[in-house]
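Residue numbers (this note's numbering): 802 to 1301.
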């Protein structure tokens, strides 16, 4: 065995030994009651997310699948004509539906598994950074968080980027403590795959590396140089792998397609300031919808408290701010609200820290017999109810989907004959096409010209200010040629007209 291979083998063996040692120590220093509390929270997290899996398909989910996941894998990874193609996630949905069949659950499986797996990783990270009590409280906030529940059960790539972020944090903690080359390389790999999912993952990547830089420089002095070399190695792995993953896109569309997609308008400073204020308000409104204004204000106070009492949290906070603000200002782009959901993990951590110190104050000043274990577990249950009920209500409202799409296809299958057509336009075209694939209606019924004497069905939404004429013209049909159109279905949000 060559010296390099021997060194790589030793590094991987050392990494695996560290993982096994961490799990042994975790088990040794964790009481049975605490284990049960953690498992209960994780189970609740799985149940909340799984409850949304069977909901009707939504437009974004359907569009990403029918436009991109149906392509051959070689073409899919180079096709970034629309930001809906979150490449790594789209590839996973393609494999999931090919393996398990096509349906909403199979389509959402990669996002669901990512949203579930991030929960124990978050607990491990907070436990390693702080203590088991803060970890349990913070986990309760994350489990019950409405936005995190919602996008752990939708076929979009956001939960996959959260998983990559938390993997990078856990690996980063290991790198800080052990100076492991394996951890350094894996951080780069994890960040690259996250960025392959969403270009906005770059904010997370910068946050992770700034956090690592601050943590290393404040913790070490004499052994800093070799540790900085590993940090540079990690960044190099990240950059090299990112270029390799995005090479098909660069060849097909150019680098600017990734850095500044044509669908994102370029803004001057005046436009940026005005729209940035509106974006900030939208983000605040979205987060408040999952709780209440007073709870959100308490959360902000908790953020200030956590930053005041914990230097470790301040390091994470600096990484969060410096990873986002300078780049957003430089790019002058309005980043969609959903791209910022990763910050909720940091905010929920601050809530866990603040609540831990509040409970400690209550014990010291008011209830001396209020032990750490009892107060922490009781507070975690209270957090689940206070945040989980409104958060779940919001998630269910936002994931109502478009159930009329499946009803439309079922109705069309009972009516249409070869040569007949079913016409629809945005936002119903993608969900109807998806449901047609699920229910076995040939795609030829959804486009093209009808045969002479054929029946046509026209689906449109008055809520979107659509008309029968709009749909027909979109499909290059003259409305005057179909004078016998009459309504055959009137559902909430969707009507179907038929002729003859």
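Virtual Cβ for every residue (Gly too), placed ideally from N, Cα, C.
*asked:* Quick check: the Cα distance between residue 1149 and residue 942, rounded to an integer number of angstroms?
replied: The residue you call residue 1149 lines up with position 348 of the chain shown. The residue you call residue 942 lines up with position 141 of the chain shown. So the two alpha carbons sit approximately 6 Å from each other.
_Is it buried or exposed, residue 951, if we count other Cβ atoms within 10 angstroms and call 16 or more buried?_
The count along the chain shown starts at 1 and reaches residue 951 at position 150. Flag for residue 951 reads buried.
*Within the same chain, show all residues whose beta-carbon is closer than 7 Å to that of residue 996, passing over the 5 residues directly before and after it, in chain order.*
Here the question's residue 996 lines up with position 195 in the chain shown. Only 1002, 1003, 1006 and 1043 meet the Cβ criterion.
_Please report the distance separating the alpha-carbon of residue 1158 from that of residue 1207._
On the chain shown, position 357 is the one that residue 1158 refers to. On the chain shown, position 406 is the one that residue 1207 refers to. Cα-Cα distance, rounded: 51 Å.
*What distance in whole Å lies between the Cβ atoms of residue 1064 and residue 883, which are believed to be in contact at a cut-off of 8 Å?*
Looking up residue 883 in the chain shown gives position 82. Looking up residue 1064 in the chain shown gives position 263. Indeed they touch by this definition, with Cβ atoms about 7 Å apart.
*Supposed contact pair residue 862 and residue 908 - C-beta distance, whole angstroms, cut 8 Å*: Locating residue 908 in the chain shown gives position 107, counting from the first residue. Locating residue 862 in the chain shown gives position 61, counting from the first residue. Residue 908 to residue 862, Cβ: 6 Å. Contact.
_contact_flag[the stretch 913-922, the stretch 949-969] where n(CB pairs < 8 Å) is 3 or more_ = yes
*From this set, 1135, 1025 and 1036, which residue's C-alpha is nearest residue 1081's C-alpha?*
Along the chain shown, one-based indexing puts residue 1081 at 280. Closest option to residue 1081, Cα to Cα, is 1135.
*Which same chain residues, not among the five before or five after residue 1020, have their C-beta less than 8 Å away from its C-beta?*
Counted from its first residue, the chain shown places residue 1020 at position 219. 977.
_Residues that DSSP places opposite residue 1291 in a beta bridge_ = For the purposes of this step, residue 1291 is identified with residue 490 of the chain shown, where counting begins at 1. Note: residue 1291 sits in a beta bridge opposite 1296.
_Distance, residue 1237 Cα to residue 1283 Cα_ = Position 482 of the chain shown, counted from the first residue, corresponds to residue 1283. Position 436 of the chain shown, counted from the first residue, corresponds to residue 1237. Using only the alpha carbons, I get a separation of about 24 Å.
*Do residue 1171 and residue 1164 have their CB atoms nearer than 8 Å?*
In the chain shown, residue 1171 corresponds to position 370, counting from 1. In the chain shown, residue 1164 corresponds to position 363, counting from 1. Yes, the pair counts as a contact, with Cβ atoms nearer than the cut-off.
*What number of angstroms, rounded off, separates the C-alpha of residue 1181 from the C-alpha of residue 894?*
By 1-based counting over the chain shown, the position of residue 1181 is 380. By 1-based counting over the chain shown, the position of residue 894 is 93. Rounded to whole angstroms, the gap between the alpha carbons of residue 1181 and residue 894 is 34 Å.
_Own chain partners of residue 1301 with C-beta closer than 8 Å, once the 5 adjacent residues on each side are dropped_ = Numbered from its first residue, the chain shown carries residue 1301 at position 500. These residues qualify, in order along the chain: 1256 and 1285.
*Identify which residue in 1013, 1046 and 1023 has its Cα closest to the Cα of residue 1033.*
Position 232 of the chain shown, counting from 1, holds the residue named residue 1033. Selected option, being the one with the closest Cα: 1013.
*asked:* Can you tell me whether residue 1257 is helix, strand or coil according to DSSP?
replied: In the chain shown, counting from the first residue as 1, residue 1257 sits at position 456. Of the three classes helix, strand and coil, the one that applies to residue 1257 here is strand, per DSSP.
*Assign residue 887 to one of two classes, buried (16 or more other C-beta atoms within 10 Å of its C-beta) or exposed (fewer than that).*
Working through the chain shown from its first residue, we reach residue 887 at position 86. Buried is the call here.
*Just reading off the alpha helix (DSSP H) that residue 910 is part of, what are its end residues?*
Position 109 of the chain shown, counting from 1, holds the residue named residue 910. Run containing residue 910: 905-930, per the alpha helix (DSSP H) assignment.
*Hey, which unbroken runs of the alpha helix (DSSP H) at 4 residues or more fall wholly within the stretch 968-1035?*
982-998 and 1003-1020
_residue 1155 beta carbon less than 8 Å from that of residue 1103_ = Residue numbering aside, residue 1103 sits at position 302 when the chain shown is read from its first letter. Residue numbering aside, residue 1155 sits at position 354 when the chain shown is read from its first letter. Taking 8 Å as the Cβ cut-off, residue 1103 and residue 1155 qualify as a contacting pair.
*Buried or exposed: which applies to residue 1229, given that a residue is buried once 16 or more other Cβ atoms fall within 10 Å of its Cβ?*
Here residue 1229 is taken as the residue at index 428 of the chain shown, counted from 1. That one is buried.
*Who pairs with residue 1223 in a beta bridge, going by DSSP?*
Working through the chain shown from its first residue, we reach residue 1223 at position 422. Answer by DSSP bridge pairing, in chain order: 1258.
*Go through its chain and collect everything with a Cβ distance to residue 1050's Cβ below 7 Å, but skip five positions before and after it.*
Stepping through the chain shown from its first residue, residue 1050 is reached at position 249. Cβ within range, chain order: 879, 881, 1058 and 1059.
*Could you check the C-alpha separation between residue 1151 and residue 1100 for me, to the nearest Å?*
Indexing the chain shown from 1 puts residue 1151 at position 350. Indexing the chain shown from 1 puts residue 1100 at position 299. Going from the Cα of residue 1151 to the Cα of residue 1100 covers about 8 Å.
_For a minimum of 4 consecutive residues, which ranges assigned as the alpha helix (DSSP H) are wholly contained in the stretch 1048-1126?_
1057-1060, 1070-1090 and 1094-1110
*Report, in whole angstroms, the separation of the C-beta atoms of residue 1009 and residue 958, which I expect to be a contact under 8 Å.*
As a first step, residue 1009 must be located in the chain shown, where it is residue number 208. As a first step, residue 958 must be located in the chain shown, where it is residue number 157. Residue 1009 to residue 958, Cβ: 18 Å. No contact.
*For the stretch 816-862, which segments carrying the beta strand (DSSP E) assignment without a break, of at least 3 residues, lie completely within its bounds, in sequence order?*
none
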